[in-house]
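Take the working numbering: the final residue in the sequence shown is number 950, and no numbers are missing along the way.
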Amino acid sequence: MLKKQLLVIVFTLSAVVNFAQVKINGVVYNEYLEPFYGAKVVSGSETTASNDNGEFIITVNGSLPQTITVSAFGHQSEIVEITRVGQKVNVILKENLLLDQVVISASRVPERIIESPVTIERFGLTDIRKTSANSFYDGLVNLKGVQSRETGYGFKSLNTKGFSDFANSRFVQMVDGMDTAAPALNFSAGNLSGVSDLDINNVEILPGASSALYGANAYNGVLLMNTKSPFDFTGISTLFKSGVTNQELAGTNWFYDLSGRMAYKFSDAFAAKVNFSYFEAHEWLANDTRNKLIDTGEITDGTIDNRLNYDGINTYGDEFNNSISIQNIGVNFFNVLLPQDARVYRTGIAERDLLVDEKAKNLKFSASFHYRPFEDERLELIFATRLARGNNLLQGNASRFAQRNYSFGQSKLEVRGENFYVRAYHTRNDAGDTYNLNATGAALTARTQATNLVGNWGVDYLIGLSDNGIDWNNLTADFSILQAARAYADSFTIQPGTPEFREAFEDVRSTLITEGGSKIYDKSSYIHADGNYNFRSLLNDWADVQIGGSFRQYNPDSRGTIFNDATQTIRVEEYGVYSQIQKKFLDERLKLTASVRYDKSQNFDGNYSPRFAVNYALGADKNHIVRASYQTGFRNPTIQEQYLFNQPGRKINLGTSWDNLNSLDVQGITGDDVLNNSLLTRTVFPDDTNYQGPRYQKSTYEAIVPEEVKTIELGYRSMFPITDTNNISIDVNGFYSIHNDFVFFQDILTPTAGQVLPFGNTPVTAAQLADPNVANGFIDPDTNILVLDAQALNSNLQEFNIVTNSKSVVNSYGASIAINTKLFSRFDLGLSYDYIDFSFDDKDLGLFDPNFNTPNHTFKAQLGNENLFKNVGFNVNARWLDKYRWVSTFVKGDVDARTVIDAQVNYRIPALKSRIKIGGTNLFGDEYFVAPGTGQIGQTYYISWTIND
Numbered sequence: 002m003l004k005k006q007l008l009v010i011v012f013t014l015s016a017v018v019n020f021a022q023v024k025i026n027g028v029v030y031n032e033y034l035e036p037f038y039g040a041k042v043v044s045g046s047e048t049t050a051s052n053d054n055g056e057f058i059i060t061v062n063g064s065l066p067q068t069i070t071v072s073a074f075g076h077q078s079e080i081v082e083i084t085r086v087g088q089k090v091n092v093i094l095k096e097n098l099l100l101d102q103v104v105i106s107a108s109r110v111p112e113r114i115i116e117s118p119v120t121i122e123r124f125g126l127t128d129i130r131k132t133s134a135n136s137f138y139d140g141l142v143n144l145k146g147v148q149s150r151e152t153g154y155g156f157k158s159l160n161t162k163g164f165s166d167f168a169n170s171r172f173v174q175m176v177d178g179m180d181t182a183a184p185a186l187n188f189s190a191g192n193l194s195g196v197s198d199l200d201i202n203n204v205e206i207l208p209g210a211s212s213a214l215y216g217a218n219a220y221n222g223v224l225l226m227n228t229k230s231p232f233d234f235t236g237i238s239t240l241f242k243s244g245v246t247n248q249e250l251a252g253t254n255w256f257y258d259l260s261g262r263m264a265y266k267f268s269d270a271f272a273a274k275v276n277f278s279y280f281e282a283h284e285w286l287a288n289d290t291r292n293k294l295i296d297t298g299e300i301t302d303g304t305i306d307n308r309l310n311y312d313g314i315n316t317y318g319d320e321f322n323n324s325i326s327i328q329n330i331g332v333n334f335f336n337v338l339l340p341q342d343a344r345v346y347r348t349g350i351a352e353r354d355l356l357v358d359e360k361a362k363n364l365k366f367s368a369s370f371h372y373r374p375f376e377d378e379r380l381e382l383i384f385a386t387r388l389a390r391g392n393n394l395l396q397g398n399a400s401r402f403a404q405r406n407y408s409f410g411q412s413k414l415e416v417r418g419e420n421f422y423v424r425a426y427h428t429r430n431d432a433g434d435t436y437n438l439n440a441t442g443a444a445l446t447a448r449t450q451a452t453n454l455v456g457n458w459g460v461d462y463l464i465g466l467s468d469n470g471i472d473w474n475n476l477t478a479d480f481s482i483l484q485a486a487r488a489y490a491d492s493f494t495i496q497p498g499t500p501e502f503r504e505a506f507e508d509v510r511s512t513l514i515t516e517g518g519s520k521i522y523d524k525s526s527y528i529h530a531d532g533n534y535n536f537r538s539l540l541n542d543w544a545d546v547q548i549g550g551s552f553r554q555y556n557p558d559s560r561g562t563i564f565n566d567a568t569q570t571i572r573v574e575e576y577g578v579y580s581q582i583q584k585k586f587l588d589e590r591l592k593l594t595a596s597v598r599y600d601k602s603q604n605f606d607g608n609y610s611p612r613f614a615v616n617y618a619l620g621a622d623k624n625h626i627v628r629a630s631y632q633t634g635f636r637n638p639t640i641q642e643q644y645l646f647n648q649p650g651r652k653i654n655l656g657t658s659w660d661n662l663n664s665l666d667v668q669g670i671t672g673d674d675v676l677n678n679s680l681l682t683r684t685v686f687p688d689d690t691n692y693q694g695p696r697y698q699k700s701t702y703e704a705i706v707p708e709e710v711k712t713i714e715l716g717y718r719s720m721f722p723i724t725d726t727n728n729i730s731i732d733v734n735g736f737y738s739i740h741n742d743f744v745f746f747q748d749i750l751t752p753t754a755g756q757v758l759p760f761g762n763t764p765v766t767a768a769q770l771a772d773p774n775v776a777n778g779f780i781d782p783d784t785n786i787l788v789l790d791a792q793a794l795n796s797n798l799q800e801f802n803i804v805t806n807s808k809s810v811v812n813s814y815g816a817s818i819a820i821n822t823k824l825f826s827r828f829d830l831g832l833s834y835d836y837i838d839f840s841f842d843d844k845d846l847g848l849f850d851p852n853f854n855t856p857n858h859t860f861k862a863q864l865g866n867e868n869l870f871k872n873v874g875f876n877v878n879a880r881w882l883d884k885y886r887w888v889s890t891f892v893k894g895d896v897d898a899r900t901v902i903d904a905q906v907n908y909r910i911p912a913l914k915s916r917i918k919i920g921g922t923n924l925f926g927d928e929y930f931v932a933p934g935t936g937q938i939g940q941t942y943y944i945s946w947t948i949n950d
């Protein structure tokens, strides 16, 4: 009897143990048997993460055996069976093949890259750790299809699929779901307001139109930066980096880059983190002295020593005050009609003389607080804030800007669960002491003190020509006379480097541009809210069915220095709604994705953005995926393109939304005059612009409307073994896009009175000539067409740069291939090639030049080994870019082909949880620029020490 009772007790205790909560201890390692920090460990509803030593403790509920899953981004998941109490678990996480990694951005649901319905690029923790670039953001340029836009050391932005300049409003960049576009600029300032190397978790890039899920402006693509959760990545991490930059113009200079991250998990319900980073470096200085045409920005022949109309790319003030007519000066000041006329530009001021200092600086701070009321991922509340402040150089549409003491901030409140999220955030910026270099040069050159009675530089120049024996019948016969005359006129101006110049410079840059100075005022902001819900769980996993929407209100505030808001308040609202369904068929080999989005901005008609994609998996392991997709994208004109109104040079930049045009009044010129009573500038002055088309053409361009793109993409992804221990992954894709209503700047002339081409393109009749207003107007002698009536001829002709839509349809097309594998089972090897080009049927008289700004051919390569020797690794990245043409309102010209090689070697110190990295960028290469007018990019050499990364 006693034995039976004992047996009952033993079995009862065993049952209790089997159904009790069991704590399991374990350690996670990487492939080099180093402790793996931040691995996610899941058992049922329980979740934890490995600590600095790779250790974890998790509770297993229910009867044994049970399983736990260990995973990390960029690594293969491991499932471990727990069969007994006290079982010790050791897990080795191996790096994933690129195409086997999980992403969310393509469909807003987790899926392997290989199964994504569209092309996608990703950059995970492993890539971040081994990048040879100066930062993770710089390293993104080594991804397939990604191009970098570098206007200075600090200001860098990314793009895909071409058609962008530095004001890249066609490409959306987001941090944890927040659009990082500046409120006034409407485009992202790269990573100046983004994420530090210590806090970035992964980056996903969707090249091409993505409006169906990400809304207006996701025209060229989307970049999503996701930061580390304080629940999963805890502790204190630091990064110390220093080195030198080397540039022929600026010399060799030290730079400093410091970052810190502190995250703490107070409990399973509450965690928080704080980040800061700061860098200071010498700018990549710009000193492009090539000549450009004032009306087109096209680079042309000539220097200041052999051209009367010299307009240097990086000199400012020479393009203002119209230009000076030799004959007009002779008649007005000397009462002499000279036999030959010429237009002379004043001597401008070099960019380096207009900089307060030559430093690029950036300070970033962020904090977030995370609350999980159920102590798991079913529901999480997040409050986050980000702040950035600094100095850098920016190349805009019509000028360059010295951004000084600018600031940018965002604050977000988000609620998210397993199937939904709702977030709202506020974005604001302050231009600080930013000033326009064109306007600065113009204001300073206008402060000329001459010895003659009128104090006019042009008069001094004419005197200089006369005193040096100019041949009035051949003004350019002797260049030495032109040089002497310019030197004489310049001798009466304020000279850079003098106390008088410094005093005048400080006065100009601290005075608003609307008050005769060059300072920009900008305290614009916007509020944004969006949400998404996935009905999959309610549909018993039948399909992923999502709905979502967004709302944004822009609140520009520039006091008239950027927008037409000196005397009025501008508010712009827009909203969008979307839905998507994704389902698999045929043993989950066939996946169909369909989505549609509707967006509406208050100034424009609504737009629909459909997308349809099909994937099919071949092979026994379903690792050979063919895909096809059709998608649309559109871009609402930016706030600048709608409400722009400023005059950095002789032209007025003007946005052409009807709301802006209806309030226009410039010397009596109305918005209706701009659209219906203007001449195309280049048809009036063909010699100044190399224009070859018909003369004296009336502008027929209309108020701006959104851009639209339609894209078809085909692709193939695969991964397969090439040996027993090695695999290879391949990604091939091609696309064809059609672009309508492409936005560009058009140069026009508008009279302050009278009419342009009042009888159209028909010759005047004898009866019409009886009207003095016709007879005394300007009649084209070649066609006998009245171009300007007498009132218009005798009025002022105001030049505008209007933002409008091209009449030409643009086609773009391209293909790419990427291969990733290991050499000798040890060395990571990546190769990619991109081809992209465009064409269009010109319907704009040759006046439309798309800002494609992208090389036709790009080749990239990567070779590395994280464990070449014990604790020693290296990585090398190389990229070759073909020659390409750069087009912007500021300047147009060719950019030479270049090869850029970056490399690093690193040493890990496991006992100190540290990594020391020594590297350099643009090694062995020549200095290069991304666009004419930007600083020449030289070499950077650095050493960094990361603790607890």
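Just so it is clear, CB atoms sit at the ideal spot from N, CA and C, and this is done for glycine as well. Remember, predicted model here, so these are calculated numbers, not experimental data.
Should residue 178 go down as buried or exposed, given a rule of 16 or more other Cβ atoms within 10 Å for buried? buried
Mapping DSSP to helix, strand and coil, what is residue 100? Because residue 100 sits at a pLDDT of 49, beneath the cut-off of 50, its placement in the model cannot be relied upon, and the point is left open.
Looking only at C-alpha atoms, which of 724, 694, 718, 663 sits nearest to residue 704? 663
If you scan the segment 128-205 from start to end, which runs of the beta strand (DSSP E) of 3 or more residues do you find wholly inside it? 147-151, 157-161, 172-176
For residue 52, which of helix, strand or coil comes out of DSSP? coil
Give the straight-line distance between the Cα atoms of residue 397 and residue 476, rounded to the nearest whole angstrom. Each residue's Cα considered, the two are about 36 Å apart.
In or out: residue 436 buried (at least 16 other Cβ within 10 Å) or exposed? buried
Using DSSP's beta-bridge definition, name the partner residues of residue 874. 907
In its own chain, which residues sit with a C-beta less than 6 Å from the C-beta of residue 722, not counting the 5 before and 5 after it? 728
Residue 122 - partner residues in DSSP beta bridges: 206
Distance between residue 263 and residue 100 (C-alpha atoms, nearest Å): Confidence is the limiting factor: at residue 100 the pLDDT is only 49, short of 50, which leaves the residue's position unreliable, though a coordinate-based value still follows. Their backbone Cα atoms lie some 32 Å apart in a straight line.
Under a Cβ-count criterion, where at least 16 other Cβ atoms within 10 Å of its own Cβ denotes burial, should residue 700 be classed as buried or exposed? Per the 10 Å Cβ criterion, buried.
By how many angstroms is the C-alpha of residue 265 removed from the C-alpha of residue 574? 39 Å
What's the call for residue 122, buried or exposed, on a 16-neighbour Cβ count within 10 Å? buried
Taking 7 Å as the cut-off, decide whether the C-beta atoms of residue 70 and residue 64 are in contact. no
Closest to residue 203 by C-alpha separation, out of 132, 878, 155, 189, would be which residue? 132
Quick one: give me the first and last residue of the alpha helix (DSSP H) that residue 659 is part of. It spans 659-662 - the alpha helix (DSSP H) in which residue 659 sits, taken as one unbroken run.
Run through DSSP, which three-state label would residue 881 get? strand
Are the beta-carbon atoms belonging to residue 709 and residue 736 less than 7 Å from one another? no
Whole angstroms is fine: what's the gap from residue 743's alpha carbon to residue 169's? 14 Å
How would you write the range of the beta strand (DSSP E) that residue 255 sits in, first residue to last? 252-266
7 Å Cβ cutoff met for residue 919 and residue 906: yes
Residues of its chain near residue 555, where Cβ-Cβ distance is below 6 Å and the 5 sequence neighbours each way are ignored: 527, 573, 640
Does DSSP put residue 537 in a helix, in a strand, or in coil? coil
Take the Cβ of residue 80 as the centre, count every other Cβ of all protein chains shown within 10 Å, and call the residue buried at 16 or more, exposed below. Residue 80 comes out exposed.
For residue 335, the first and last residue of its enclosing alpha helix (DSSP H): 327-335
Could you say which of 804, 391, 370 lies nearest to residue 412 if we only look at CA atoms? 370
To the nearest angstrom, report how far apart residue 454 and residue 467 are at their CA atoms. At residue 454, the pLDDT of 45 sits below 50, so the modelled position is not reliable; the number obtained from the coordinates is stated separately. The alpha-carbon atoms of residue 454 and residue 467 are separated by roughly 17 Å.
Could you say if the segment 496-514 and the segment 372-392 meet the contact criterion of at least three C-beta pairs nearer than 8 Å? no
Okay, do the segment 653-669 and the segment 791-806 touch, 3+ Cβ pairs below 8 Å being the bar? yes
Count the other C-beta atoms from every protein chain shown that fall within 10 angstroms of the C-beta of residue 606, then say buried if there are 16 or more, exposed otherwise. Around the beta carbon of residue 606, fewer than 16 other beta carbons sit within 10 angstroms, so the residue counts as exposed.
Within a Cβ cutoff of 8 Å, which residues of the same chain sit near residue 924, ignoring the five residues on either side of it in sequence? 902, 903, 904, 940
Give me the residue from 187, 87, 93, 201 with the minimum Cα distance to residue 950. Cα-wise, what sits closest to residue 950 is 201.
Within 10 Å of its beta-carbon, does residue 569 have 16 or more other beta-carbons around it, so buried, or fewer, so exposed? exposed
How about residue 364 and residue 279: do their beta carbons lie closer than 7 Å? yes
Please classify residue 551: does DSSP put it in a helix, a strand, or coil? strand
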